[in-house]
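In full-length UniProt numbering, the protein residues as written are 1 to 293. Heads up, the beta-carbon is just placed ideally off N, CA and C, and yes, glycines get one too. Since the model is a prediction, treat every value here as computed from it, not as a measurement. Below you'll find the structure, written out as structure tokens, and then a few comments.
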Ligand code: NAI
């Protein structure tokens with residue numbers, strides 16, 4: 001199936017969808033990028049073009065490919081434009097109901113052989129597949145943020161995902177230069193199952209007054225050789241995203257050890273969602289030089 005893949009559809013043109021679409025066009029695929037919000041498509045087109053230019057200026061992509069790749073991208077708000085896609089990667093809002101509705105629509109309008117993949121961080125692939133008439137062609141294709149730079153793709157097999165679908169999806173991720181790990185379909189898959197409890201524990205460490213946020217992050221960064229501490233990483237991911245994944249782990253695995261830390265809940269209630277809002281655990285709002293004392 002994979003060797004015939006020429007056209008990729010990506011639904012959702014936010015930070016993940018735009019990065020996934022970029023990988024597709026840089027690899028020579030024709031990519032349809034779909035979003036209900038036309039402004040999001042404009043932002044995605046700009047960020048894809050500028051990121052491709054960075055790959056060219058670093059010598060990681062030829063000048064010819066740098067010129068050709070953006071031309072392979074087509075943006076639309078009409079889902080029906082995906083009728084010719086060999087694979088569709090969904091990267092819309094992390095809501096099971098909204099994703100299920102989309103999968104049901106994709107099932108009706110895409111060609112019978114198309115693979116329907118989800119970039120979900122935590123929602124069950126088996127349940128998304130149940131909204132379609134082709135559960136053997138539904139799979140998780142979980143890119144890391146930002147997709148053009150991060151080396152990993154976690155591929156998640158739902159209860160009915162076929163070997164053929166798995167092989168074709170893995171081969172596509174490898175074509176994009178990624179290393180693939182395979183997870184069965186249980187809450188959090190591999191990466192978030194391990195990462196999110198660590199982040200949650202960092203919040204408990206702060207909440208119970210064991211240490212300051214700076215010392216928690218410095219301790220984990222230097223003590224376990226990670227590029228950034230868990231609290232800063234949570235700010236980069238988004239505290240709302242971290243909280244929603246902890247809730248999925250708590251419900252899905254039924255163990256109180258996954259209960260979200262009250263401090264994480266409080267930050268989200270307060271709108272301190274992390275870097276995207278300018279403030280989370282840390283404050284990212286820059287004081288202009290001119291008003292500094
Ligand atoms: P985002 O909020 O940046 O982008 C989502 C986009 O989907 C928005 O542009 C929105 O207009 C669009 N959208 C929403 N509903 C739609 C619909 N029914 N049809 C078409 N477009 C629709 O979100 P982000 O961060 O890109 O996340 C997308 C998915 O990727 C989520 O499932 C998330 O859990 C997952 N993910 C996120 C990571 C992250 O670090 N942010 C990492 C790995 C996975």
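Tell me whether the beta-carbon of residue i lies closer than 8 Å to the beta-carbon of residue j.
| i | j | result |
| --- | --- | --- |
| residue 118 | residue 140 | yes |
| residue 34 | residue 25 | no |
| residue 7 | residue 92 | no |
| residue 281 | residue 218 | no |
| residue 170 | residue 155 | yes |
| residue 109 | residue 128 | no |
| residue 296 | residue 121 | Since the first residue shown for the chain is 1 and the last is 293, residue 296 is missing from the structure and cannot be characterised. |
| residue 193 | residue 239 | no |
| residue 250 | residue 189 | no |
| residue 295 | residue 69 | In the structure as shown, the chain starts at 1 and stops at 293, and residue 295 therefore has no counterpart that could be examined. |
| residue 230 | residue 199 | yes |
| residue 97 | residue 136 | no |
| residue 126 | residue 116 | no |
| residue 178 | residue 195 | no |
| residue 158 | residue 181 | no |
Classify residue i as buried or exposed, calling it buried when 16 or more other Cβ atoms lie within 10 Å of its own Cβ.
| i | result |
| --- | --- |
| residue 17 | buried |
| residue 28 | exposed |
| residue 225 | exposed |
| residue 258 | buried |
| residue 83 | exposed |
| residue 111 | exposed |
| residue 23 | buried |
| residue 85 | buried |
| residue 149 | exposed |
| residue 107 | buried |
| residue 228 | exposed |
May I ask you to report which of helix, strand or coil DSSP gives residue i?
| i | result |
| --- | --- |
| residue 47 | helix |
| residue 15 | helix |
| residue 109 | helix |
| residue 74 | strand |
| residue 42 | helix |
| residue 2 | With a pLDDT of only 49 at residue 2, under 50, the local geometry of the prediction cannot be trusted, and the value read off the model is given with reservation. Helix, per DSSP. |
| residue 184 | strand |
| residue 33 | strand |
| residue 191 | helix |
| residue 157 | strand |
| residue 88 | strand |
| residue 263 | helix |
| residue 102 | helix |
| residue 224 | coil |
**OP:** Please write down, chain order preserved, every residue whose beta carbon lies under 7 Å from a heavy atom of ligand 1.
**Re:** 11, 12, 13, 14, 15, 16, 17, 34, 35, 36, 37, 40, 91, 92, 93, 94, 98, 102, 119, 120, 121, 122, 142, 143, 144, 145, 237, 238, 241
Subject >> contact_flag[the stretch 260–270, the stretch 200–214] where n(CB pairs < 8 Å) is 3 or more >> reply: yes
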